[in-house]
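Right, one structure below, let's go through it.
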Amino acid sequence: MKLINKPFIFIITVLLTILTILSDVAYAGRGGGRGGGGRSGGGARTSSVQRSSSSRSSRGGGASPRVSSGTSLQNRGNLSNSSSRQSSRQSSRSNAQSNRNDVRSDRQSTRQTNQGDRQSNRSDAQSNRQDNAANRQDDRSQNQGNRQENRTDRQGNRQDGMTNRQNNRQDFVNDNWYGGGWYGGGYYTPPGWGAWAGLAGLTTGLIIGATVNETPPYYDTVYIGSSSYIYSDGVYMQPVNDNYIVVAPPTGVVVNYLPDGCTLIQDGDFQYYDCAGIYYEAVYQDGATVYRVIEY
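Residue numbers (my numbering): 1485 to 1780.
See the structure below:
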């Protein structure tokens, strides 16, 4: 049994040795190409242990460049991405800065435009106010001139009216009657009233309180405050409803003319007229001489 095992062990040992040598040769060929190990330029084979070690070292050396190369590629990709992101961020910042500058520029331009518009509006408003003030001044001056002309015209018309009434009354008196006056309790009937006095029942005198239903043939309307009176040749009547009542001369009333037959009296510096017991003073009113009753 022992003799049989020894040849078998020997054969196995030889086979393993051959396989190891072949394996070393194969590894030596790969290691020389990759890691620079294995055979030298003309050298002989190394020992199995050296070749194995060299082969392992060569395989380890070959793996390291591959790992380093992959890492380098990955790092290069990462660096490229980082550079791209940095460039993108820089571009975004530049665009944002440009947009901010544009916005600021637009706001500044808008402010300047608005300021110019406001200044223009203020200037226009000031000019309009000055024009309006000038127009108002012109209107005031024109209105003042018109009022003055109207006052002058009215004064002239009043004066002409008084003159015309005085002339008409004088013409009527000259044609119909001369004289007349006051007797205390009434008036003497002016002969100038003619037939009208007879129709009114006033032929015997105008007693205070007598009533007639129509006005004398000529008269003026005169006032004291809000009270109106009929005045005709020194005779005064007051309208009541549709009638006219003979009244005493109202003190302070102003008339445009005196009845005929009045006498001018000078009392020191005072001058007045006696018209059959009714006393008047001359006053100047609205550019004309009128007469005011001061006593009777």
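Heads up, the beta-carbon is just placed ideally off N, CA and C, and yes, glycines get one too. Quick caveat: nothing in here was measured; it's all calculated off a predicted structure.
What span of residues does the beta strand (DSSP E) with Leu1683 cover, start to end? Here residue 1683 corresponds to residue number 199 of the sequence shown, with the count starting at 1. In the DSSP annotation of this structure, Leu1683 is not part of any beta strand (DSSP E); the continuous alpha helix (DSSP H) holding it starts and ends at Ala1679 to Leu1683.
Is the segment 1614-1633 touching the segment 1739-1747, taking contact as three or more C-beta pairs under 8 Å? No: fewer than three Cβ pairs fall under 8 Å.
When DSSP builds the beta bridges, which residues end up paired with Tyr1713? Locating residue 1713 in the sequence shown gives position 229, counting from the first residue. In the DSSP output, where bridge partners are listed per residue, Tyr1713 has Val1706.
Considering only residues of the same chain and omitting the five flanking positions on each side of Tyr1768, which have a CB-CB separation below 7 Å? Residue 1768 sits at position 284 when you count from the first residue of the sequence shown. Beyond the five residues adjoining it in sequence on each side, Tyr1768 comes within less than 7 Å, by CB distance, of no other residue in the same chain.
Contact between the segment 1713-1729 and the segment 1691-1703 (3+ Cβ pairs under 8 Å): Verdict: yes, contact present.
DSSP puts Ser1751 in a beta bridge; with which residues? By one-based count along the sequence shown, residue 1751 stands at place 267. One point to set straight first is that residue 1751 is Asp, not Ser, in the sequence displayed. The partner list for Asp1751 (beta bridge, DSSP) reads Phe1754.
Between Val1696 and Pro1733, how many whole angstroms is the CB-CB distance? I'm expecting something under 8 Å. Residue mapping note: residue 1696 aligns to position 212 of the sequence shown, counting from 1. Residue mapping note: residue 1733 aligns to position 249 of the sequence shown, counting from 1. In fact, because the Cβ distance is near 18 Å, the residues do not count as touching under 8 Å.
Taking the alpha-carbon of Tyr1728 as reference, which of Thr1735, Gly1693, Gly1736 and Ala1760 has the nearest alpha-carbon? Translated into positions along the sequence shown, residue 1728 becomes position 244. The residue with the shortest Cα to Cα distance from Tyr1728 is Gly1693.
Contact check, Trp1666 vs Gly1761, beta carbons under 8 Å: By one-based count along the sequence shown, residue 1666 stands at place 182. By one-based count along the sequence shown, residue 1761 stands at place 277. Yes, they are a contact pair.
Tell me which residues share the same chain as Asn1624 and place their Cβ nearer than 7 Å to its Cβ, disregarding the 5 neighbours each side in the sequence. Indexing the sequence shown from 1 puts residue 1624 at position 140. Note that residue 1624 is Arg in the sequence shown here, rather than Asn. Taken in chain order, the list of residues that qualify is empty.
With DSSP as the reference, label Ala1732 as helix, strand or coil. Sequence index remark: in the sequence shown, residue 1732 carries index 248 (1-based). The answer is coil: DSSP assigns Ala1732 none of H, G, I, E or B.
Which same chain residues, not among the five before or five after Ile1691, have their C-beta less than 8 Å away from its C-beta? Translated into the one-based positions of the sequence shown, residue 1691 becomes position 207. Non-local C-beta neighbours of Ile1691 in its own chain, meaning closer than 8 Å and more than five positions away in sequence, comprise Gly1669, Gly1670 and Val1730, ordered along the chain.
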